[in-house]
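Numbering (my numbering), first residue to last: 566 to 637. Quick reminder that beta carbons are idealized off the backbone N, C-alpha and C, glycines included. Let me begin by presenting the structure, written as structure tokens, before commenting on it.
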């Protein structure tokens with residue numbers, strides 16, 4: 566096993582996998598935070614927070630998209 570293969574395996578195990586797991590579960594939980602924002606109304610004060618939360622949600626969806634997928 567070469568040094569590059571070892572470094573790739575270690576980076577996936579200790580960096581990529583935890584980020585993917587956290588991103589997946591954040592993408593599951595984040596819609597719960599939309600509810601109070603929408604019920605309070607999307608006024609001028611809340612709209613930037615809502616757009617930021619929506620952007621963060623899109624990022625977590627992208628990063629966590631392959632969590633626990635079977636290799637075909």
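- Nearest to residue 630 by alpha-carbon distance, out of 582, 574, 573, is 582.
- Residue 625 is classed as buried because its beta carbon has at least 16 other beta carbons within 10 Å across all chains shown.
- Between residue 585 and residue 628 a beta carbon distance of about 6 Å is seen, short of the 8 Å cut, so the two are scored as contacting.
- In the structure shown, residue 616 falls within a helical segment according to DSSP collapsed to helix, strand and coil.
- With contacts defined as CB atoms closer than 8 Å, residue 602 and residue 611 qualify as a contacting pair.
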